[in-house]
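Below is one structure, written out as structure tokens; the observations come after it.
Numbering (the numbering used here), first residue to last: 2 to 317.
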């Protein structure tokens, strides 16, 4: 049975601990402990999920762990990930992989050198509706898809952020659109600004993505809209698809009919963690590699650069 831990039990890390706890009850893993710089929070979460609290993640790293979820602020991803990688622990890092390209590359290289599995938590890849759309595109139900647009908007969350909305939320759809096309972003143009965020980081953005063969993507995201919306539209030569991330629905139209996809709704995070555990147990390559996480980060950083320069920026 895999021995797992969680570092950072704020909003997202709490749910990692919750799912691992559910899997522990099913005899699939053992939740060894949770760590958080706020030791009171660590104790609260540990008590709820019947595990051991740590105020210092380095103490958790000394335990005999097989795998760990890292859900600390983005600026700490590199530091925390390297600690566990160097201890031979397989790592799942919440998106984005790091706050810099150099930090991401250091994490990727360390994982390769240590022979551990590195996975990046781009959770929407495990949304059943996204997987159904990918399947539908592969079957040619939309013809050739030439444009994909996503809207990820809602009110500002109360949790403290060390990055703006492009890196915090925009990377979700940058990654999903790349995944659906099976291609990397070649160039990006973005407009962004700050309207309300107290830290002065951008809280709204419109990002245009250029792929090969004239295909395009658009990501609209903000922390200003009073209600949460998470949608995606794919336009093809033979039809159009409307996806709702939250409702996990997919509707496809063409000139003759409208189809509602049959989707078995499941929690994307559980799908993600089950996949991570499976990869660790069987030594398989994860669906979202460190390189995938690095690409999404590169595009997000280039989008920030584009918004600052007000010009199209190439992505290596």
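All C-beta atoms, glycine included, are put in the ideal place defined by N, C-alpha and C.
Could you name the residues of the same chain whose beta carbon sits closer than 7 Å to that of residue i, not counting the 5 residues immediately before and after it, in chain order?
i: residue 121; result: 94, 96, 98, 289, 291, 293, 294
i: residue 328; result: Examination of residue 328 is not possible in this model, given that the chain is present from 2 through 317 alone.
i: residue 170; result: 153, 222
i: residue 4; result: 31, 33, 65, 66, 67
i: residue 240; result: 142, 143, 144, 253, 254, 255
i: residue 91; result: 67, 68, 117, 118, 281
Leaving out five residues before and five after residue i in sequence, what residues of the same chain have Cβ atoms less than 8 Å from its Cβ?
i: residue 213; result: 184, 187
i: residue 168; result: 75, 97, 100, 298, 301, 302, 305
i: residue 312; result: 190
i: residue 87; result: 111, 115
Under a Cβ-count criterion, where at least 16 other Cβ atoms within 10 Å of its own Cβ denotes burial, should residue i be classed as buried or exposed?
i: residue 52; result: buried
i: residue 2; result: exposed
i: residue 249; result: buried
i: residue 227; result: exposed
i: residue 37; result: buried
i: residue 174; result: buried
i: residue 182; result: buried
i: residue 67; result: buried
i: residue 114; result: exposed
i: residue 238; result: exposed
i: residue 54; result: buried
i: residue 158; result: exposed
i: residue 254; result: exposed
i: residue 224; result: buried
i: residue 125; result: buried
i: residue 287; result: buried
In its own chain, which residues sit with a C-beta less than 6 Å from the C-beta of residue i, not counting the 5 before and 5 after it?
i: residue 20; result: 270, 271, 274
i: residue 198; result: 204
i: residue 232; result: 152, 245
i: residue 14; result: 7, 72
i: residue 24; result: 30
Would you say residue i lies against chain D (beta-carbon separation less than 8 Å)?
i: residue 3; result: Annotation note: the requested chain D is absent from the structure, which comprises a single protein chain.
Sort out for me which residues DSSP pairs residue i with in a bridge.
i: residue 55; result: 36
i: residue 208; result: 191, 220
i: residue 226; result: None; residue 226 has no bridge partner.
i: residue 235; result: 149, 242
i: residue 3; result: 30
i: residue 142; result: Paired residues: none, contrary to the question.
Return helix, strand or coil for residue i, following the three-state DSSP convention.
i: residue 246; result: coil
i: residue 200; result: coil
i: residue 97; result: coil
i: residue 150; result: strand
i: residue 241; result: strand
i: residue 74; result: coil
i: residue 261; result: strand
i: residue 292; result: helix
i: residue 269; result: helix
i: residue 23; result: helix
i: residue 156; result: strand
i: residue 167; result: helix
i: residue 281; result: helix
i: residue 305; result: helix
i: residue 134; result: helix
i: residue 89; result: coil
Q. Counting pairs of Cβ atoms below 8 Å between the region 130 to 144 and the region 239 to 259, do you hit three or more?
A. Yes, since at least three Cβ pairs between the region 130 to 144 and the region 239 to 259 fall closer than 8 Å, the two stretches touch.
Q) Is there contact here, the region 74 to 88 with the region 108 to 120, by at least three beta-carbon pairs under 8 Å? A) The answer is yes - the region 108 to 120 touches the region 74 to 88, with three or more Cβ pairs under 8 Å.
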